[in-house]
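Numbering of the sequence shown is given in my numbering, commencing with residue 125 and proceeding in unit increments. Cβ atoms here follow ideal geometry from the backbone N, Cα and C, with glycine treated the same way.
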Amino acid sequence: MSSQIHTQRMPGLQCPRCNNFIPTSIHELLAANYLRCPLCGLQLNIDRQQSEKALKALAKVELAQKQVDEKSTFKR
Ligand SMILES: [Zn+2]
Numbered sequence: 125m126s127s128q129i130h131t132q133r134m135p136g137l138q139c140p141r142c143n144n145f146i147p148t149s150i151h152e153l154l155a156a157n158y159l160r161c162p163l164c165g166l167q168l169n170i171d172r173q174q175s176e177k178a179l180k181a182l183a184k185v186e187l188a189q190k191q192v193d194e195k196s197t198f199k200r
């Protein structure tokens with residue numbers, strides 16, 4: 125079973141068992157091998173090969189957010 129990784133708005137996965145949306149950080153998605161649904165406890169393995177595109181997109185989003193943060197930090 126494959127899980128869709130949402131790249132819009134809040135990053136996260138939808139639990140295939142209870143349909144609960146599991147919010148996660150981009151860092152967690154990139155670093156972790158699995159996520160656990162807080163509602164039903166289902167363990168979701170992250171298929172890196174299948175999710176590579178989405179993970180790369182998320183990494184891009186993270187990079188863009190970092191650049192925005194830096195810009196706003198240096199704004200005087
Ligand atoms: Zn669940």
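Contact belief for residue i with residue j at Cβ below 8 Å, rounded distance in angstroms
| i | j | result |
| --- | --- | --- |
| Glu186 | Ile146 | The Cβ separation is near 18 Å, so there is no contact. |
| Ala156 | Ile170 | 7 Å |
Limits of the beta strand (DSSP E) - the one that residue i falls within
| i | result |
| --- | --- |
| Ile150 | Not the beta strand (DSSP E): Ile150 falls in the alpha helix (DSSP H), residues 150-155. |
| Asn169 | 167-169 |
Nearest residue (CA-CA) to residue i, options the options
| i | options | result |
| --- | --- | --- |
| Leu153 | Pro135, Ala188, Gln189, Ser196 | Pro135 |
| Cys161 | Gln189, Leu137, Ala188 | Leu137 |
| Leu163 | Arg172, Lys180, Cys142 | Cys142 |
| Arg172 | Gly165, Val192, Ala181 | Ala181 |
Beta-carbon distances below 6 Å to any heavy atom of ligand 1 define the shell here; list its residues in chain order, please. Cys139, Arg141, Cys142, Asn144, Cys161, Leu163, Cys164, Leu166
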